[in-house]
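Quick note, the sequences are listed as chains A and B, same order.
Position 131 (the first sequence) corresponds to 131 in UniProt numbering; numbering is contiguous.
Position 90 (the second sequence) corresponds to 90 in UniProt numbering; numbering is contiguous.
Cβ coordinates follow ideal geometry from the N, Cα and C atoms, glycine included.
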Amino acid sequence: MAETATRSKSATSGSKGRRSGTRSGGNRVQQRQENTALASESPEALRDYFRQMSLVRRFEERAAQGYTQAKIGGYCHLNLGEEATVVGLMSALRRSDYLFTNYREHGYALAKGIEPGKVMAELYGRTTGTSKGLGGSMHMFDTEVGLLGGYGIVGGQIPLATGAALAIDYRGGDEVVLCQMGDGTTNIGAFHESMNIAALWNLPVVFVVVNNYLGMGTTVDMSSAESELYKRAVAYRMHGERVDGNDVVAVREAAGRLVEHARKTGQPAMLEAVSHRMKGHSVVDPAKYRSPEDAEAAREADPVAAFRSQLISAGVLDEDGAAEIERTVQADVDAAVAFADDSPHPDPATLFDYTYATPVANDSRRLPADPVF
Amino acid sequence: MAVITYRQALHDTLREEMLSDENVFLIGEEIGVFEGSYKITAGLLEEFGEKRVRDTPIAEEGFVGAAVGAAMLGLRPVVELMTINFSLLALDQIVNHAAKIYGMFGGQSNAPMVLRTPGGGGQQLGATHSQNIELYYAFVPGLKVVAPSTPADARALLKASLADNDPVLFLENLALYNTKGEVPDELPPAEIGKAGVTRPGSDITIIGYSRMATVATQVADQLGEEGISAEVIDLRSLRPLDRETLVDSVRKTGCAVIAEDDWLTYGIGAEIAASISDGAFDYLDAPVRRVAAAEVPLPYAKPLERAALPSAESLHTAVRQTLDAVGHRR
């Protein structure tokens, strides 16, 4: 059973998730259990999860490369090591459901359905990017697929996601909001205020904490008095549970159950997905603060490699099939890079085009050296 | 034409907008059951129900952010922040989020919302409940900040703010809620970003906003009796700032005094003075004066509070001194 903290009236139950979340994980033991769980999904779905996880992996590796080539500026936070969580969560959503994320969101943008070229073009700061090059790595947005923003301020997305759920409730819609955040975010005031509001007003939002045990270089144990983060939900009489974030099928099952429960009842929930961050906080972080054992554990837990071998040993894929998916994904990422590289930079003449949605008298359009009069 | 209070003008306009657009809803602390800390929303819960008049926990960041998120999906929230002092608890959602939604995502989304909040001292509320910190918001591109001083402007600017597709900080003032004024029955929305010449004159320009715009008018009346023709400009909008109207006036009068309830150093008046320097340097016959609050955490004791805040007397003094300086030069 998954670890759960729940109020008695919650209808969520029957979790098939595995016990997980200890830092050193016991990956091999879990694998045996996962092979049996694979039966709950169609081979096509499983192969597509593998394709998407491989896409996120290759995309992020190319993003890191683009950053070192100075094609990408600013901050660049990667989803490496979190592919199972990303794909599991996104596969639980309908296209019409809304997603709010933090600044580590390239993978979410891809898995929610944005073309890789648009995502890469945003990293390259081009007009064809998800935010026309105005947002960058941390601020992807796409109305078509319901990605209502990556947000660079820790915790900033939580009140917004709660408000989107309020709008759904106001209109009687059947969409659900998924609000992704990192482990460090659970200590900011906005988390508490929004969890309380969502539970108080019965809003259809699922708060997902991606716990990779590191907020930059600060561990969960250094920052959280209750380090089993899903237990925070109890304070709001909200259902909370923890799932192995390295297991795409388990994440999909748990997220799907909570999302559909929110859709039916309007009740929010909290899901903690425990995984590893394979690299530093951002591309430029060498992560010297990590112990060799911890870094090795992250490498060993590689969810893409683990899922690949699970699918092969379960007969869902053979070696050639896996290699073929990897070649396709590589081609997709190559095409994304070419698309980004060939796309135009924004024209400085457009600098003032997006300050206000409603044009306003006396709006300042002055460049730094321009006189005021 | 009716003579009503500033409070009544806000209440009536909110009610009308709620009747005409079901996407408009009110959200804030104590606005429903308690009928508003300053009773602007009196009766609206009873008329519209809990969906449209939503009482919140004491969680400014949470409910302001929720309003931003709801606005992103097309609702038109009107947030009441009990006083502007408490807006600081929602600063991240206002400055880092509401103000950025439209630009940061390349125009794909926006946050059409109104943040109503009163500033103002003079009620013996002490240092943390008496501030005039509208500057914090007027500083931020992506926000619009309006500051009506009369019941008619309150109505016209609230209509404009609700029709606007951007986040608008709507500055009220504790001392204005009971003031009365004529409000035409058919009043078109005001134009955000425009100042008003509320009293034409030729000898000196007095520039104010919110409460100090009404004080400026009183002082102009008194100056009129003294044979001085003062032109009064009510900024009405702090962002954008209507520099043209200010500068046109000062080019005519040759001198200006700014009346502001906030602190002087780096305050709204500093920007106005700089704008006058930019646009009317050759026309100035005297330095631009600023009448602003003393730079202290506002004390509770009445004599100290009175000494710290700008008033009709202090504004009158500054105007006379400026005219004296002009007299020496002309």
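Under 7 Å, do residue i and residue j count as touching if we go by C-beta distance?
i                      : j                      : result
residue 283 of chain A : residue 245 of chain A : no
residue 183 of chain B : residue 206 of chain B : no
residue 158 of chain A : residue 204 of chain A : no
residue 422 of chain A : residue 56 of chain A  : Any property of residue 422 of chain A remains undetermined from this structure, which presents chain A solely from 1 to 373.
residue 127 of chain B : residue 297 of chain B : yes
residue 163 of chain B : residue 163 of chain A : no
residue 208 of chain B : residue 173 of chain B : no
residue 152 of chain A : residue 108 of chain A : no
residue 264 of chain B : residue 147 of chain B : no
residue 90 of chain A  : residue 71 of chain A  : no
Rounded to whole angstroms, what's the CA-CA distance from residue i to residue j? Just pull it up for me.
i                      : j                      : result
residue 77 of chain A  : residue 90 of chain B  : 27 Å
residue 221 of chain A : residue 227 of chain A : 6 Å
residue 194 of chain A : residue 261 of chain B : 34 Å
residue 143 of chain A : residue 97 of chain B  : 17 Å
residue 248 of chain B : residue 227 of chain B : 23 Å
residue 84 of chain B  : residue 149 of chain B : 16 Å
residue 281 of chain B : residue 220 of chain B : 24 Å
residue 116 of chain B : residue 204 of chain B : 33 Å
residue 192 of chain B : residue 234 of chain B : 13 Å
residue 135 of chain A : residue 358 of chain A : 20 Å
residue 50 of chain B  : residue 21 of chain B  : 16 Å
residue 289 of chain A : residue 217 of chain A : 6 Å
residue 113 of chain B : residue 62 of chain B  : 15 Å
residue 324 of chain B : residue 274 of chain B : 22 Å
residue 206 of chain A : residue 137 of chain B : 32 Å
residue 242 of chain B : residue 294 of chain B : 26 Å
residue 128 of chain A : residue 343 of chain A : 6 Å
Is the Cβ of residue i closer than 7 Å to any Cβ of chain B?
i                      : result
residue 298 of chain A : no
residue 362 of chain A : yes
residue 346 of chain A : no
residue 135 of chain A : yes
residue 367 of chain A : no
residue 159 of chain A : yes
residue 163 of chain A : yes
residue 139 of chain A : yes
residue 17 of chain A  : At residue 17 of chain A the pLDDT is 34, less than 50, meaning the model places this residue with poor confidence and gives no usable figure here.
residue 101 of chain A : no
residue 186 of chain A : no
Could you check whether the Cβ of residue i sits closer than 7 Å to any Cβ belonging to chain A?
i                      : result
residue 136 of chain B : no
residue 78 of chain B  : no
residue 40 of chain B  : no
residue 266 of chain B : no
residue 102 of chain B : yes
residue 196 of chain B : no
residue 10 of chain B  : no
residue 141 of chain B : yes
residue 228 of chain B : no
residue 278 of chain B : yes
residue 326 of chain B : no
residue 192 of chain B : yes
residue 65 of chain B  : yes
Mind listing the chain A neighbours of residue i? Cutoff is C-beta to C-beta under 8 Å, in chain order.
i                      : result
residue 269 of chain B : Residues of chain A passing the Cβ test: none, with the nearest at roughly 16 Å.
residue 211 of chain B : Chain A residues near residue 211 of chain B: none, gap ~23 Å exceeds 8 Å.
residue 282 of chain B : Those do not exist, as residue 282 of chain B stays about 11 Å from chain A at its closest Cβ, beyond 8 Å.
Below 7 Å on C-beta distance, what does residue i contact in chain A?
i                      : result
residue 331 of chain B : There is no way to answer for residue 331 of chain B, as the model of chain B reaches only from 1 to 330.
residue 223 of chain B : Within chain A, no residue comes near residue 223 of chain B; the closest Cβ sits about 28 Å away, beyond 7 Å.
residue 240 of chain B : 360, 361, 362, 363, 364
Going along chain A in order, which residues have a C-beta closer than 9 Å to the C-beta of residue i?
i                      : result
residue 165 of chain B : 356, 357, 358
residue 110 of chain B : 356, 357, 358
residue 75 of chain B  : 163, 166, 167, 170, 171
Under 7 Å, Cβ to Cβ, is there at least one residue of chain E near residue i?
i                     : result
residue 97 of chain B : The displayed structure is made up of protein chains A and B, and chain E is not among them.
Can you name the residues of chain B whose CB is closer than 7 Å to the CB of residue i?
i                      : result
residue 132 of chain A : 106
residue 193 of chain A : 59, 61, 62
Which residues in chain B have a C-beta closer than 8 Å to the C-beta of residue i? List them in chain order.
i                      : result
residue 196 of chain A : 57, 59, 62
Find the residues of chain B that neighbour residue i, judging by a C-beta separation of less than 9 Å, and give them in chain order.
i                      : result
residue 153 of chain A : 92, 96, 97
residue 128 of chain A : Near residue 128 of chain A there are no residues of chain B at all, since even the closest Cβ is about 11 Å away, more than 9 Å.
residue 124 of chain A : Correct list: empty, because the minimum Cβ distance to chain B is about 14 Å.
residue 88 of chain A  : Neighbours of residue 88 of chain A on chain B: none; closest Cβ ~24 Å, over 9 Å.
Counting Cβ pairs, one atom from each stretch, are 3 or more of them under 8 Å apart for the segment 109-120 of chain A and the segment 334-351 of chain A? Result yes; three or more Cβ-Cβ pairs closer than 8 Å.
Decide if the segment 276-295 of chain A is in contact with the segment 65-79 of chain A; the criterion is three or more beta carbon pairs, one per stretch, under 8 Å apart. yes
May I ask you to verify whether the segment 41-60 of chain B touches the segment 196-214 of chain B, counting CB pairs closer than 8 Å and requiring at least 3? The answer is no - the segment 196-214 of chain B does not touch the segment 41-60 of chain B, with fewer than three Cβ pairs under 8 Å.
So, does the segment 35-52 of chain A touch the segment 287-299 of chain A, judging by three or more C-beta pairs under 8 Å? no
Report yes or no: do three or more beta-carbon pairs, one from the segment 131-145 of chain B and one from the segment 94-111 of chain B, lie closer than 8 Å? yes
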